[in-house]
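J.:
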Amino acid sequence: MVSKTKKTKHQYRNNLICAKSLDNHQQIIFGRVIAFQDETINSQSINSRRKFIQIPKGSIAIKRLTNDNNHQEIIILPIGLIQGRTLARIWPLKRSTLHLLNMPTTLDN
């Protein structure tokens, strides 16, 4: 998700991306980037205690976009599953077109 030029990884936080699903590689998921490798995020569901998760090397954390506003799912996603950055998401999906920007799948250290 980070370009090969000398830019900081924080420049790409909050970007909307599309990626292959962890469970089914035929399915595309959409999400907003919230954390990068070696960062720690606070994951707290409604009925549980606060939980801190460290993002492993070669992965990012995204907040998955769903139609249900009450449910926000945080997913730890390997960089290799990212398809690109999303420019627009139009509903209904059957009639929409999706424009993607090709993005490198390596992290700068």
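Take 1469 as the starting number for the sequence shown in this note's numbering and just add one per residue.
Note that beta-carbon positions come from the ideal geometry of N, C-alpha and C, so glycine has one too.
Treat the numbers as computed from the prediction; the structure is a model and nothing was measured.
#1: At which residues does the beta strand (DSSP E) containing ASN1510 begin and terminate?
#2: Could you compute how far the alpha carbon of ALA1529 sits from the alpha carbon of GLN1551?
#3: Do the CB positions of GLU1503 and LEU1549 come within less than 9 Å of each other?
#4: For GLY1499, count neighbouring Cβ atoms within 10 angstroms of its own Cβ and tell me buried if that reaches 16, exposed if not.
#5: Shortest alpha-carbon distance to PHE1520 belongs to which of THR1534, ILE1544, ILE1497?
T.: A quick look at the data gives this:
#1: Taking the first residue of the sequence shown as 1, we reach residue 1510 at position 42. Going by DSSP, ASN1510 is part of the beta strand (DSSP E) stretching over 1508-1511.
#2: Position 61 of the sequence shown, counted from the start, is the residue given in the question as residue 1529. Position 83 of the sequence shown, counted from the start, is the residue given in the question as residue 1551. ALA1529 and GLN1551: Cα-Cα distance of roughly 15 Å.
#3: Reading the sequence shown from its first residue, position 35 is the one you call residue 1503. Reading the sequence shown from its first residue, position 81 is the one you call residue 1549. Looking at the sequence provided, one finds Ala at residue 1503 rather than Glu. Their beta carbons are not under 9 Å apart, which means ALA1503 does not touch LEU1549 by this criterion.
#4: Indexing the sequence shown from 1 puts residue 1499 at position 31. Flag for GLY1499 reads buried.
#5: For the purposes of this step, residue 1520 is identified with residue 52 of the sequence shown, where counting begins at 1. Of the listed residues, the one whose Cα sits closest to PHE1520 is ILE1544.
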